[in-house]
Each structure stands twice: as C-alpha cells, then as structure tokens.
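Let me begin by presenting the structure, written as structure tokens, before commenting on it.
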Amino acid sequence: MLQLPRLLYLIAASSDGHRGYDQIAETVTKEFGKGVSGDNVRFLADKKLRPLGVLAAPDGSSPKLKRPNPLLALNFKAAVVPAGLVNTVTTIFRPFFWPVVVALGLIGFASLDVWLFFIHGIAQSIRHLLNEPIFFLVVFGLIVVSAALHECGHATGCRYGGARPGVMGVGLYLVWPAFYTDVTEAYRLSKGGRLRTDLGGVYFNALFMLGTLGVYLLTGQEILIVVILLLQFEMLHQFLPFLRLDGYYMIADLTGVPDIFARIKPVLTSFIPWRRADKRVTELKAWVRIVVTAWVLLTAAFILYAYGMLLLHLPAIAGTAWSSFLALAGQTGLAFQQARLAIGLLDGLQLVLLALPMLGLAWMLVRLVQRLIKVSWTRTRGKPMKRTATFTSIAAAAALLALAWTPPPADYRPISPSSKGTVEESFSNISSVLPPPPLRWLAPSPHPSASPSASASASAGASTSASASPSPTDQASASPSPSASPSDSASPSTSP
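Heads up, the sequence shown is in my numbering, so the first residue is 391 and it goes up one at a time.
So, in structure tokens, the structure goes:
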C-alpha cells in the first residue's frame, strides 16, 4: 500500500493510458482546485509516480523495482483457505459483532480477568500441567484453534464493516509460524470499520477464553486455566510497541499516522523537559502524542510485570518441574522393568514434553541476556558515561534477580496445593525477595507461640490435601513440616 499526497493521487487516478499530459492536467485542476499544467503532470509522473511503480514507462513497460524485505514482514506465505470459504465463515460469525453481543463479551472478559487474577489464581493450573505434562499437547491444540479463530475475528470484522476479506494462510513472522488473513479491503472502510477489523482478532480470543472458562466450570479441569493464561499473554503480545501486530495497526488507524514506528522514540523523548522536540513530533497533534505514549507505557508496564513475576518465581516453577521429572523418570523405569511398554512409552513422552519447555525457557533467558549485553555495548560505543550507567543498571537488575533466585534450598520445593497465585499474593511476595524472609511459595512455619492444637490441625489439613491427589509429586509437594499452616501460605502470580 502506498500513501500519496492528494495531487499525486489525482494524477495517478486520471492516468488511464489514453489521456495526454494536458488532458490529465485539466482533469486534475478541476478536482484539485488549483491550476496544474501539463508540464507539472509530466514532471510528477517521471520523478515521483514512475519510480514508485505506480505508472508504467512511456513505452508501456513496467519499471523493475527493488522490492524491500523488511524484518517485520510476513515471509514464506502460503494461502490455505480460499476467499470464498472465508466469506462463508464470516457470515456465520457475523452476529458476534452485534453491539449487544460485543458489550456482553467485553463485560464477561473483564469479569473473567478479575476472577482469574484476583480470586482463583494460576498457581494450581501451572502445578497440574507440570505434574501431568501430557496435557501440553491439549494446551498446544487449543492454542492453535484459538489462533485460527483470531484470524476469523479479523475477517469477520472486515466483512461486518462492508468490505470483503481475502484468503487466509500461514507464514513465518520473524522465526515463528503465524496465521494471516488478507484484509486489504479494510482500508476502504471508515476509521471505526478499520479499528473493528484490527481488534477483531483479540476480541475473538476473548470470546474463546469465555468459552474455555465455561468448559472449566463444567469439568473443573485446571489445565484449561493454563490455556486462558497463555491466551492472555498472546493478547498482550499483540500490543507490543516494537512489532507490527494488531496493536500497531490499531494505533496507526486510530491516529492516522502510518509510520508510527519511526515516531515512537521521538514522541517519548519529547516529554523530557530539556529535550527539544523532533520535527516528527511537532507535526503531530497533541492527542496523538498522548495516545502513542500511553500505548507504549501501558504495554511496557504489563510486560514488565508479567515477565518479572515469571523470573522472580522461577525457583518454585523449577522445583515443581524437577519434582515431576524425577517422579516420571521413576515411573518410566519401573514400567519398562515390568515390561509395560505402552505405559513406559507414554511416561517417556511426558518426560520429553516436560523437558522441552523448561529447556526452551532456559535458552530464551540466555539469548535474552546475550542480546541485551550486545545491544547495550554497541549503542554506547564512544559514550563512556552512558555505557557506565547502562551496565550499572544491568548489573543491579542481575543482582536483584540473583538475590531472588538464591533462597535457602528448601524454597525450591514444588508449588504447594494450598498456593493460589493471585495478583495480590504476587505483590505481597515481592518483599520476600529482600532477606529476611526469603521468597516462598510454600506455607511458612508459624510463630513459636502458636498453639499445639493449631499446628496439629494444619498438619492434618496438609495430609488431607496430599491424599486427595494421585500424583506422586503432589504428595511430595503437599508434605511440608508438621507445623506448617496451609491457610497462611502465599503464592505469587506467574506465567508459564
């Protein structure tokens, strides 16, 4: 898509291969409201439109253009679903964009988030998934289904506004497989129609989460909560301010600024009192600057909180995964010793499914640190003061993280059955990073003055929780010291 000034657009629209320069000039003059000569048309056609590939050469040939290969483009695309079938599907999903349904869906999604992150929590869902890794396949399958529905949301939003979506397909975005939908026709819609198309994907993700919650309420399967949690992260990723995903197109359509990436840094630095605003900022309206700033800061805050909690509570996650790995390894060896090949192969598969995400998480952390150091070193070359400040900040962050990861060995125990993992508990546990006390997911020991009857009652409660779960790792994780009090345990919010 090319965005042209009105004069160039009118010249291109009037160039039909039959009119001469003077005839085009006459037509453009009427539309443009100012005098345009044939020489003006010739100059703009030769110097502007032909180099862009908009107009053919005078002999009728098309110019050979060097096509850019931007990093953030979708590569290796392959159409999978034809446009006719896409339009049929959008007809079925069209009622989901009725205003009443949208309002109910948004209210339901907000209620889901309040219940999940402030009441129910996510700790037990992660614990069950790590203890029964075979469910990674179920989670993966549901995520793929949700991704397909995400694209249906874009297509349906486009069709609801009056445009016709094109094909659906798959491709590679950076290094990840991705679905895509051709919604080029959405550019013919009003701003409201384009925004509906941009946000249709995450809206359908929200509806899918509500359906998943309904199944969870019927079955009680904690694994479904992991699906909802991962989809929350996927929705958050769509609004990252440095990738060309749904958030980028939403902000571009909302503000009318097509090159929003080039303006993010100048807009943010323009709020520093002693910095002179860049021209790319001063030509924007004040409300556009506010919208761009709010988009970047809010998304960054959510990302820092989510991944900060993941890193902060990695010892508990690693402890749960290690305990589950040992139990499954023992079961696998026992099954093969007793010649139960099917059970042994199944347990072996679970070992692989458990190891892969943990190894992937470790690899991601190593690559992230390498990338951070390399970029910081390159961008501060020749700036000793800035380099010192940058690496001092990195060292301070690494020291705090190391402090959070080096509690007593007992704190690497698996997640307790009494843990919840709500937002409130995650904030309350941040203070435990600084000793004393160390970070804990398990119940702390009661005060020495606690009554013997209270300790006995707590011990009985822990034993009951252990006996209620068939998993060997559950029994190990639910067996703290006899004086532990499950009701006093606090669990932070994490993400897998």
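The beta carbon of each residue, even a glycine, is placed where N, CA and C say it ideally should be. Bear in mind the structure is a predicted one, so any value in this text is a computation, not a measurement.
Here alanine 568 carries a strand assignment [DSSP, helix/strand/coil]. Per DSSP, valine 682 is one residue of the alpha helix (DSSP H) stretching across 676 to 702. Shortest Cα-Cα distance from phenylalanine 651 to any of Val682, Gly582, Leu718 involves Val682.
Going by C-alpha positions, glycine 543 is about 5 Å away from phenylalanine 594. Here lysine 764 carries a helix assignment [DSSP, helix/strand/coil]. In this structure, the straight-line span from the alpha carbon of proline 807 to that of tryptophan 712 is close to 16 Å. Straight through space, the alpha carbons of arginine 771 and threonine 782 are spaced by roughly 15 Å.
CA-CA distance, arginine 484 to tyrosine 570, rounds to 19 Å.
At least 8 Å separates the beta-carbon of phenylalanine 525 from that of leucine 532. Taking a 10 Å sphere around the C-beta of glutamate 673, we find fewer than 16 other C-beta atoms and assign the residue as exposed.
Taking the Cα of serine 816 as reference, the smallest distance to any Cα among Arg730, Gly709, Leu702, Leu746 is reached at Leu702.
Under the three-state reduction of DSSP, valine 557 is assigned to coil, being neither helix nor strand. DSSP places valine 535 in the helix class (H, G or I) of the three-state scheme. Of the candidates Ile654, Thr546, Lys581, the residue whose Cα lies closest to the Cα of arginine 679 is Ile654. Between the region 499 to 516 and the region 436 to 449 there are fewer than three C-beta pairs closer than 8 Å, too few to call the two in contact. Rounded to whole angstroms, the separation of the alpha carbons of cysteine 548 and alanine 568 is 19 Å.
For leucine 445, no alpha helix (DSSP H) encloses it, and the DSSP letter there is neither H nor E. Across the set Leu736, Ala469, Leu758, Phe715, the C-alpha of Ala469 shows the shortest separation from the C-alpha of aspartate 572. For tyrosine 411, the enclosing alpha helix (DSSP H) begins and ends at 411 to 422. For the pair leucine 724 and glycine 474, the Cα-to-Cα distance works out to about 55 Å. If you draw a straight line from the Cα of arginine 730 to the Cα of histidine 540, it is about 42 Å long. For threonine 710 against isoleucine 805, the beta-carbon gap comes to about 5 Å, under 8 Å, which counts as contact. For alanine 576 against glycine 583, the beta-carbon gap comes to about 7 Å, under 8 Å, which counts as contact. Here valine 471 is bridged, per DSSP, to Met558. Judged by DSSP secondary structure, isoleucine 805 falls outside any alpha helix (DSSP H); it is assigned neither H nor E. Less than 8 Å divides the Cβ of isoleucine 613 from the Cβ of valine 528. Counting other Cβ atoms within 10 Å of its Cβ, threonine 546 reaches 16 or more and is therefore classed as buried. The residue from Val557, Tyr639, Leu600, Arg586 with its alpha-carbon nearest to that of valine 476 is Val557. Counting other Cβ atoms within 10 Å of its Cβ, isoleucine 662 stays below 16 and is therefore classed as exposed. About 15 Å separates the CB atoms of leucine 718 and leucine 749; that is not less than 8 Å, and the two are not in contact. In the three-state reduction of the DSSP assignment, phenylalanine 530 falls in the helix class, which pools H, G and I. When the beta-carbon positions are compared, proline 648 and threonine 689 stay at least 8 Å from each other. Here arginine 517 is buried, its C-beta having at least 16 other C-beta atoms within 10 Å. Counting along the chain, leucine 519 sits inside the alpha helix (DSSP H) bounded by residues 513 to 521.
Counting only the Cα atoms, glycine 637 lies some 15 Å from alanine 691.
Alanine 789 is classed as exposed because its beta carbon has fewer than 16 other beta carbons within 10 Å across all chains shown.
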